[in-house]
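K.L.:
Would you mind keeping the following structure in view while I ask a few things?
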Amino acid sequence: MATGKSATDMIARIASELGQRNDLAPDGAYPTVITNAISDAIQIYAKERFRFNELSPLTPFVINTVQGQYIYTGADDARIPLLYKIDWINYLLGNTPCRLERVFPEDVYLATIPGQQAGPPTSWGWDGQSIVIYPAPPAASYTLTIGGYLAVAGPDLATPAGLADVTNPWMNDAERLIRSRAKYEIALNFTRNDKMVAAMSPDEGSGGMAERAYNEIKGEASKIRGTGRTVAMKF
């Protein structure tokens, strides 16, 4: 993950690229214009899959099951509601990794009779920002490991520490995407600059900078995850 650039750096560059519009920066006459545009841009793309928001095998997303509990929410782990794609869930049976099968959440509810089934989990579903598993685990605790990607928050633009943070991926890995989209939002909603709107457009087929930056960063994620193999179709 890239580091070294902060929100302060992005704000200064956006102000410069808009024609030295320092009045749109936090210490200017319109202090929230650039910061609001950056926040909007991050929120727009936060649900997308990029290289930097995929769950890391070096710091895996794990949940320890609780006896008799088959629904796991943000109260169990604050990251659960931030999941936007679950690729797989595995668990450890002793020292052996085992895969849970994904099912409809209704299947979990129909099969679950509280207090009457217990054992190693065999299946999981997603419902209401919660992970549901079957069967409910017995007294033994199982470690669930989750693969997929999370929504990643942007820096806190209302605080000096947030503005100075040089580790946030939106300011680094996705810097050009967020900067371009922020300029598009400003040109569309504040300065009413039609040329800038067209130049920074995120719309598909527009050739705008935000579209090009998006395709580039999405292409990185797709390329690195691809197997590079052609699989014959089954007829």
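Everything in the sequence shown is counted per the numbering used here, starting at 55 for the first residue and increasing by one. Idealized CB from N, CA, C, for every residue including glycine.
(1) Provide the residue(s) that pair with residue 135 in DSSP beta bridges, ordered along the chain.
(2) Would you mind stating whether residue 187 and residue 134 have Cβ atoms separated by less than 8 angstroms?
(3) Please list the segments of the beta strand (DSSP E) lying wholly inside the segment 84-163, counting only runs of 3 or more residues, in order along the chain.
(4) Measure the CB-CB distance between residue 120 and residue 199 and report whether it falls below 8 angstroms.
(5) With a CB to CB cut of under 6 angstroms and the five nearest residues on each side skipped, what residues in its chain are close to residue 141?
(6) Please say whether residue 237 and residue 225 have beta carbons closer to each other than 8 angstroms?
(7) Over what stretch of residues does the alpha helix (DSSP H) that includes residue 251 continue unbroken?
(8) Would residue 265 and residue 257 qualify as a contact pair, given that the criterion is a beta-carbon distance under 8 angstroms?
(9) Can you tell me where the alpha helix (DSSP H) with residue 232 in it begins and where it stops?
(10) Just verifying my parser: in three-state terms, what is the DSSP assignment at residue 285?
(11) Taking the alpha helix (DSSP H) that residue 70 belongs to, which residues open and close that run?
(12) Comparing alpha-carbon positions, which option in 262, 196, 206 lies nearest residue 122?
(13) Within its chain, find whatever has a CB closer than 7 angstroms to the CB of residue 211; leave out the 5 residues flanking it on each side and keep chain order.
(14) Just to confirm, are residue 56 and residue 219 a CB contact at a threshold of 8 angstroms?
(15) For residue 105 and residue 274, which I take to be in contact (beta-carbon distance under 8 angstroms), what is that distance rounded to the nearest angstrom?
(16) Rounding to the nearest angstrom, what Cα-Cα distance links residue 102 and residue 268 in this structure?
(17) Which partner residues does residue 181 have in the DSSP bridge list?
(18) Determine the closest residue to residue 84 out of 272, 247, 260, 240, with distance taken between C-alpha atoms.
P.N.:
If we stick to the structure as given:
(1) None, per the DSSP bridge assignment.
(2) no
(3) 115-118, 137-147, 150-153
(4) no
(5) 201, 202
(6) no
(7) 248-254
(8) yes
(9) 229-240
(10) Only weak support is given to the placement of residue 285: the predicted model assigns it a pLDDT of 42, under 50, and the question is left unresolved by the model.
(11) 61-71
(12) 196
(13) 61, 89, 92, 93, 217
(14) no
(15) 6 angstroms
(16) 10 angstroms
(17) 184
(18) 240
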